Structure formats: structure tokens, C-alpha cells
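Novice: Got a structure for you, written out below as C-alpha cells; questions coming shortly.
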Amino acid sequence: MPATVGRRADRLAPVRRVTRGIDRRTVVRAGIVAAVAYAAWLAIGAFGRPYNFFDMKIYHGAVVWWASGHELYEFIAPGTTLGFTYPPFGGLVMLPMAHLPVDLAGMVNVLASIAALAVVLAGLLRPIVERLGWPLWFTVGIATPLAVALEPARETLGYGQVNLLLFALIMADLIGLRWRSRRGTHVAPTDGPLLRFVYSGAWAGVGIGLATAVKLTPALFIAYLMITRQWRAAATAIGTAVAVTAGSFAVVGTEFRAYFGGVLWQTERVGAADMTPNQSLAGLLARLYDSIDTPGLLWLSFSVLMLALGLSRAVNARADGDELTAFTLVGLTANVISPISWTHHMVWVIPAIIVLADAAVRRRDASRALTQRAGQGTYGGPPGVTGLRPPIWYPTLTGLRHGAAAIGLYLLFLISPIWPYEHQLPEVSHYQDGLFGALMENSLALALILLVAALPWRPGAEPAFYVDRFGRQAAPGVRR
9 MPATVGRRAD RLAPVRRVTR GIDRRTVVRA GIVAAVAYAA WLAIGAFGRP YNFFDMKIYH
69 GAVVWWASGH ELYEFIAPGT TLGFTYPPFG GLVMLPMAHL PVDLAGMVNV LASIAALAVV
129 LAGLLRPIVE RLGWPLWFTV GIATPLAVAL EPARETLGYG QVNLLLFALI MADLIGLRWR
189 SRRGTHVAPT DGPLLRFVYS GAWAGVGIGL ATAVKLTPAL FIAYLMITRQ WRAAATAIGT
249 AVAVTAGSFA VVGTEFRAYF GGVLWQTERV GAADMTPNQS LAGLLARLYD SIDTPGLLWL
309 SFSVLMLALG LSRAVNARAD GDELTAFTLV GLTANVISPI SWTHHMVWVI PAIIVLADAA
369 VRRRDASRAL TQRAGQGTYG GPPGVTGLRP PIWYPTLTGL RHGAAAIGLY LLFLISPIWP
429 YEHQLPEVSH YQDGLFGALM ENSLALALIL LVAALPWRPG AEPAFYVDRF GRQAAPGVRR
């Protein structure tokens, strides 16, 4: 018997050596990440729709058709009226998947999109978790499945769309702008020229340029860069977009002329404005008027108003040192004013939720610090008045409305109440289920408009510019 026990101990010795170095807290955290991922999977099954890479099949069929010698924009998916709607550069980017089975191409897109989302979340959450002292891997491990379960992400993955990849390109420029503002702080003396170039952030603008060449709506970020006088990033974005677009003309001139000469203006290729998944301002107005078409003059008037509001608030957010909120406001504004914004386009609610949650935490931490000062007798009040203490509810309820807004926004885009009230003219009126049904069918569009008008920013949270010792903004990377 003792010999048997000894042999068993010898066999378990390597396992013990491995597990001895693993902290119990790490194991618990890994279990939490796994549980959250499983819960997200269940939520997608409960609130999502049947997914079969519908859009990916159109893209795949189009590039296969194109690769076999036909013209790209003449392709119409069997059983539908839908064809390829991206610019020629987008077709060139997707052309390699013509050599893959459609299901494999869809899975590659899923894996690449989730990986891109995880990298973006790591970049966005890192300043927050460093301030709070949380492990980055654990935070990103929880945030990624939570984000994947939301309507924009699960629709993007399930339909084989590219929105998360474009989102990653744009947010890469945000990270680049941060690095430019702290030029040299990420570089070690042993880093080579490539790492020095990457950490310099000199490439900021390339992501926006590439995203604009694939899909036109990211061009609003170029306008934002110009309004905020980030000239180098704006010039880089414009140069990148022009270069790849001109390159596509040199390679596929026929498709270039077909797209910009006709396909770009054929809005009926993507569907009717009043379709329920179109949660833009144009879709909202069409459904409110119970019409297939959007009332053009009214849409134009409100779009100009929302554009001015969104960009002005983005400029103010950046001036107060919150570039993440500024980018988020620009992305949300693009969703609102675009004639067609399907639910899978609305990936900008992900950073909006992060901003709201962080605003709640920052306000609560500030109130706690104020309460501690009160306990030490240093809580200030009006001149000549001493002995004041903050209200007893102050540390508890401060930030509550921001936290409640973050949770409410997450639940709205998790449950996505538009689908039980989906209607399609002329068969069924959008008021078929009364006022409540109309409200639910337009709930995501209303949430986007509210976010553009009221999303708070966090002064000094993550500036993408250098502030000198006199409090003046200096050009990125310049030390006075």
C-alpha cells in the first residue's frame, strides 16, 4: 500500500509543480471568464436571430462571380435582389476568399472579428483598469463575450459582416493619437526602428483612411480630424483613402467606373428605408410617417442638426481631454445621419457603454475622496463657513445615473426589442401594434439620438494631446 501511494505521488508531482505556480485567484478569474462566455452564448441564442452568414454568402458569391470573369456589380444573389454594394477596394480586399468555401470564409471572419474586438477592448480599457488596479486580461476576458452578445456584434458575426474589423481600424487610430501625444514614453532603448515607428503614432490616420475606402461613412472621422485641427492625422487619412481608391482604379477600372458612376447612387440595392433593422434617423422618420420612403426635406433638416450637435460635442469632449468619447460621438453621429444604418453598423454603442460605466466609477471615486476629506475636517464650503459635511447619500448615489444608463443601454442592445415588432410595408403598417409597438420598433434609433445629445465625457480621462505646464494644449509629441 505505501508503495502504491508513493507511485501515485510521483505521477502527480509534475501536476503539482505546474499548479503550485498558479494563484488560486487566477483560477477563479478564469472560471468567471468561462462562465461569462457561456452566458453570452446563451444570450445570443435567446435574443439573437437565426444566423447563416447571409451577407457573407452574397459577398462570397460576388467575388466568385468576379473571379470567374464576370463584372462584379452585375452579380445578384440567387433568390434575392441583392448584390455587391462595397467600393471596388472592398471587392479587392475580399477577393482572396473566392478560394475558400463560404462557411469557412464566414468562420475566418468570425475569428478575425472577435480577435480584433478583443484587441480594441484591451486598448480602450487599459487606462481604466490601470487606474482601478484590475488585471487587464481578466477585464478584457469578461468584456469581449459581453460585447459579442450585443446586437451589433452578434449580427456582424452571424451575417458575416465587416463592421468589427472597420471599427478596429478606426480605433487603432485613436490609440495612435494617444501614442503620438506621449511620444517616446513607450520606446525602450533596445527597440528597433519598426517599434519606434509604431509607438511614435506617426501612422495615425491610416486606419480611418482604409475604413473610408471600404465603406464611405467613416469619412466623417476625417471631417472631425480637420475640425479639431489634427492636420497630420487628417492628411494621412485622406492620403490613404485616395491612394487605395486610385490604386483600385488602376487595377479594376471597369468596376471603379461602374460603382462611382451608378451603383453608389442606387440606394434601392440595400433595401427600403422603412425596414425595421434600419435604425438610422431616415428609417425612424420613414416608419413614423408609415411610408416606404423617408420624407427627404425633413430628414435633411434633422440630419444637419444632428451632424452639428454630434461634431460640436465631439470637439468639446476632445478639448476636455476625452478622445475616446469624441470618437464615440462621431461614430454614433455617422450611424444617425446615414440613410441606412442596419443594426450591425451600431458597434459604437460598445465604447459608449464603456464611457458611461467609467464615468460612474470616476464620479463615485471622487465622491469617496471628498467624503474622506470631510472626515479629516478638510471638506470645503462657502467662504467663511466651516464644519460642513457632504450629504450622507453623497458617496453612495454619486454616479448612479451614469451607471444605470450604462446598464440600461447594455440591456437594450442585448435584448434588442425591435424584432418582436418588426413590420414591413405595404403588407403591415408600422403602427400595427399601437404606440408601444412603434416605440419598440424604433427603440435603438431613439437610443442613438439620445446618446449623441447626452453622452457625457470624462474631463482629463484620456487626452490625445500634450498639455504643457501652463495648461495650454501643445501639438502632439511636442514638449515645451
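If you read the sequence shown in the numbering used here, its first letter stands for residue 9, the second for the next number, and so on. Quick reminder that beta carbons are idealized off the backbone N, C-alpha and C, glycines included. Since we're looking at a predicted model, the values are computed, not measured.
CB-CB under 8 Å to V72, same chain, minus the five flanking residues each way: which ones, in chain order?
Specialist: The answer, listed in chain order, is A106.
Novice: From E470 to L433, what distance separates their C-alpha atoms?
Specialist: One C-alpha to the other measures close to 46 Å.
Novice: Under the three-state reduction of DSSP, which class applies to E470: helix, strand or coil?
Specialist: It is a strand residue.
Novice: Give the C-beta separation of W221 and P95 to the nearest angstrom, bearing in mind that I take them to be a contact with Cβ-Cβ under 8 Å.
Specialist: According to the sequence displayed, residue 221 carries Ala and not Trp. That pair is a contact at about 7 Å.
Novice: Please report the residue range of the alpha helix (DSSP H) in which T89 lies.
Specialist: From DSSP, T89 is part of no alpha helix (DSSP H); its letter is neither H nor E.
Novice: Could you check whether L125 and T152 sit closer than 8 Å to each other, using their CB atoms as the reference points?
Specialist: Yes, the pair counts as a contact, with Cβ atoms nearer than the cut-off.
Novice: Taking only three categories from DSSP, how would you classify D31?
Specialist: Residue state, collapsed to three classes: coil.
Novice: Do A316 and A325 count as a contact pair if the criterion is CB distance below 8 Å?
Specialist: No.
Novice: Distance check for L172 and A472, CA to CA, integer angstroms please.
Specialist: In a straight line, the C-alpha of A472 is about 23 Å away from that of L172.
Novice: Going by other Cβ atoms of all chains shown within 10 Å of its Cβ, with 16 needed for buried, is A249 buried or exposed?
Specialist: The residue is buried, with at least 16 neighbouring Cβ atoms inside 10 Å.
Novice: Report the rounded CA-to-CA distance for G39 versus F97, giving the unit in angstroms.
Specialist: If I take the Cα positions, the gap works out to 43 Å.
Novice: With H, G and I counted as helix, E and B as strand and the rest as coil, what does DSSP make of A113?
Specialist: Note: A113 maps to helix in three-state DSSP.
Novice: Are the CB atoms of L174 and T341 nearer to each other than 8 Å?
Specialist: Contact flag unset, no.
Novice: For F55, which residues of its own chain have a beta-carbon under 7 Å away from its beta-carbon, when the five flanking residues on both sides are left out?
Specialist: Closer than 7 Å at the Cβ level, and outside the excluded window around F55, lie L422, I423, S424.
Novice: Measuring straight from C-alpha to C-alpha, what distance separates G184 and Q238?
Specialist: Taking the straight line joining both Cα atoms gives about 12 Å.
Novice: Do you know how far the Cα of Y46 is from the Cα of L203?
Specialist: Those two C-alpha atoms are separated by around 37 Å.
Novice: In the DSSP assignment, find the alpha helix (DSSP H) that holds I489 and state where it starts and stops.
Specialist: Look at the range of the chain in this structure, 9 to 488, and you will see that residue 489 is not part of it.
Novice: Would a C-beta distance cut-off of 8 Å place L144 and L133 closer than the cut-off?
Specialist: Closer than 8 Å, so yes.
Novice: Alpha helix (DSSP H) containing P159: first to last residue?
Specialist: Looking at the sequence provided, one finds Glu at residue 159 rather than Pro. It spans 159 to 167 - the alpha helix (DSSP H) in which E159 sits, taken as one unbroken run.
Novice: In the structure shown, what three-state DSSP assignment does W6 receive?
Specialist: Because the chain here runs from 9 to 488, residue 6 falls outside it and cannot be looked at.
Novice: Whether or not the stretch 202 to 216 and the stretch 291 to 311 are in contact is what I'm after, with contact meaning three or more pairs of Cβ atoms, one per stretch, closer than 8 Å; do they touch?
Specialist: No, they do not touch.
Novice: Can you find the residues in the same chain that come closer than 6 Å, C-beta to C-beta, to G445, ignoring five residues on each side of it along the sequence?
Specialist: Same-chain partners within the cutoff: Y429.
Novice: Quick check on DSSP: helix, strand or coil for N286?
Specialist: The answer is strand: DSSP assigns N286 an E or B state.
Novice: Starting from R265 and walking both ways along the alpha helix (DSSP H), at which residues does that stretch end?
Specialist: Note, R265: alpha helix (DSSP H), 261 to 269.
Novice: Measure the C-alpha to C-alpha separation of G468 and A241 and round it to an integer number of angstroms.
Specialist: Their backbone Cα atoms lie some 21 Å apart in a straight line.
Novice: Return the first residue and the last residue of the alpha helix (DSSP H) that H68 is part of.
Specialist: Its alpha helix (DSSP H) spans residues 62 to 75.
Novice: Taking the DSSP output, what are the residues bridged to D181?
Specialist: BP columns for D181 are empty, so no partner.
Novice: Under the assumption that T284 contacts H431 (Cβ atoms under 8 Å), give the Cβ distance between them as a whole number of angstroms.
Specialist: Contact flag correct, Cβ pair sits at about 7 Å.
Novice: Using 8 Å as the threshold, is the C-beta distance between T336 and E163 below it?
Specialist: No; because the gap between Cβ atoms is not below 8 Å, this pair is not in contact.
Novice: Taking just the CA atoms, how far does L165 sit from V118?
Specialist: Each residue's Cα considered, the two are about 5 Å apart.
Novice: Count the CB pairs spanning the stretch 259 to 270 and the stretch 80 to 89 that are closer than 8 Å, and state whether there are at least three.
Specialist: Cβ pair count under 8 Å is three or more, so yes.
Novice: Among Y439, V44, T262, which has the Cα closest to the Cα of V148?
Specialist: Nearest option by C-alpha distance: V44.
Novice: Threshold first: 4 residues or longer. Then list the alpha helix (DSSP H) segments lying entirely within the stretch 214 to 252, N to C.
Specialist: You should have 214 to 222, 227 to 235.
Novice: Quick check on the DSSP output: the alpha helix (DSSP H) that includes N324 runs from which residue to which?
Specialist: Counting along the chain, the alpha helix (DSSP H) containing N324 begins and ends at 304 to 327.
Novice: Buried or exposed: R188, going by 16 or more other Cβ atoms within 10 Å of its Cβ?
Specialist: By the 10 Å Cβ count, R188 comes out buried.
Novice: Quick one, are the C-beta atoms of N343 and L456 less than 8 Å apart?
Specialist: Taking 8 Å as the Cβ cut-off, N343 and L456 qualify as a contacting pair.
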